[in-house]
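Here is the structure we will look at.
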Amino acid sequence: MRYVIIGNSAAGIGAVEAIRKNDKAGTIIIISDEAYHTYSRPLISYLLLGKTTEEKMKYRSNDFYSKNNCEIIFSKKVVKIDDDEKMAILVDGQKIEYDKLLVATGSTPFVPKMEGLERVKNKFEFYNLDDAKALDKAVDENSKVLIIGAGLIGLKCAEGISSRTKSVCVDLAPNILSSILDEESSRIVKEHLEENGISFYLGESVAKFEENKATLTGGKEIEFDVLVLAVGVRPNTNLFSEIGGKVGRGITVDDKMKTSIQNIYAAGDCTESIDISTGDMKVMALLPNAYMQGECAGMNMSGKEYSFSKAI
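Next comes the structure, spelled out in structure tokens:
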């Protein structure tokens, strides 16, 4: 059996470990568009803060790939899936054949259209290790940092640079962390963050940018040296939707992580599944869910019937 996994984060690792429980001999090929050993992305803010190191961020030991007899292809993006020929096609034209394919492509930062954004030279996203490294080089104690977004990504970024410089967060929502906290909880967290040098303009958006200045919809002008775009993320579904696969907000999967196309599974932040707390189909973008979905996919890919229906 030849297993191909697109993605080298929690879902992909869960799949590898599950496959190897049932199939010691099959070929496993992992394709990653990053250059790094698998690492925990939520820790990038702690890397900036100096509370961890790249070595400690590793999600599995250095011998993980060799121990599990995996071939890992780093720094290559899959640009197309050919489900008729059962191949993943890389950006350089290389074709990787599969018997079972797992799409664990995660998500990508969403950047809305904002007038003048192209004029800003010193702008960053805050999603992966390369983003954290680039921001680390750009920020010093004299930097004025403007963060667009007061959700988890924006606040983790603010936390990461808080020991070096002050930052300002702007968000269209009236409260911080509006998708996960009620109004009172949001107020408590906001007051704590303000005591640690983070300022907020809520219920506002950017009307226009100049190279080093943002004018908010309420008229306030904010000067900055560094801009961080942390509005949110969108599931990476294009590879699958382009071959006619069923997609809602994320790739649609059943409780075995099977997709609408035979021999293709999906797991992690690129998928949508049932939230057991509400019964709604949602993108359940949490690391534990990603690992357990990947584990479920790996079990079924390697012939062991297994279900996961407890995403929350």
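With numbering that gives the first Met the number 0, the residue at position 264 of the sequence shown is 263, and numbering never jumps.
Where is the CB? At the ideal position from N, CA and C, for every residue including glycine.
- SER272 is classed as buried because its beta carbon has at least 16 other beta carbons within 10 Å across all chains shown.
- In this chain, the alpha helix (DSSP H) harbouring LEU192 covers 182 to 194.
- For ASP129, the enclosing alpha helix (DSSP H) has its first and last residue at 128 to 137.
- Excluding five sequence positions before and after VAL119, the CB atoms of its chain that fall closer than 7 Å to its own CB belong to PHE208, GLU210 and LEU226, given in chain order.
- The straight-line gap separating the alpha-carbon atoms of MET300 and ILE18 is approximately 7 Å.
- Look at ALA172 here: in three-state DSSP terms it is coil, with no helix or strand label.
- Of the residues GLU16, ALA206 and MET0, the one whose Cα lies closest to the Cα of TYR290 is GLU16.
- Classified as buried, ALA310 has 16 or more neighbouring CB atoms from the shown chains inside 10 Å of its CB.
- Between CYS269 and VAL167, the C-beta gap is not smaller than 8 Å, which leaves the two residues out of contact.
- Exposure of ALA133 is indicated by the presence of fewer than 16 other C-beta atoms within 10 angstroms of its C-beta.
- Within the stretch 200 to 237, complete beta strand (DSSP E) segments of at least 3 residues are found at 205 to 209, 212 to 215, 220 to 222, 225 to 228 and 232 to 234, given in chain order.
- For ARG1, the enclosing beta strand (DSSP E) begins and ends at 1 to 5.
- Ranked by how close their Cα comes to the Cα of ALA296, the residues ASP274, ASP253 and SER276 have ASP253 in first place.
- Unbroken alpha helix (DSSP H) runs of no fewer than 4 residues, entirely contained in the stretch 25 to 74, are found at 43 to 48 and 63 to 66, following chain order.
- With contact defined as three or more Cβ pairs closer than 8 Å, the stretch 110 to 125 and the stretch 79 to 95 are not in contact.
- When secondary structure is reduced to three states using DSSP, TYR290 falls in the helix class.
- VAL15: member of the alpha helix (DSSP H) spanning 9 to 21, first to last residue.
- By the Cβ neighbour-count rule, PRO234 is buried, with 16 or more other Cβ atoms within 10 Å of its own.
- In the three-state scheme derived from DSSP, where H, G and I count as helix and E and B as strand, GLU96 is classed as strand.
- With 16 or more other Cβ atoms inside 10 Å of its own Cβ, ALA229 counts as buried.
- Contact between THR216 and GLU203 holds: their C-beta atoms lie close to 6 Å from each other, under 8 Å.
- Take GLY105, set aside five residues on each side of it, and the residues of its chain with a beta-carbon closer than 7 Å to its own are GLY6, SER8, ASN235, GLY267, ASP268 and CYS269, in chain order.
- Collapsing the DSSP output to three states places LYS303 in coil.
- The secondary-structure analysis by DSSP pairs PHE123 across a beta bridge with VAL227.
- When the beta-carbon positions are compared, ILE242 and ILE80 come within less than 8 Å of each other.
- By the C-beta density criterion, GLU294 is buried, having at least 16 other C-beta atoms within 10 angstroms.
- In the structure shown, SER276 adopts coil according to DSSP, grouped into three states.
- For LYS79, the uninterrupted beta strand (DSSP E) run begins and ends at 77 to 81, by DSSP.
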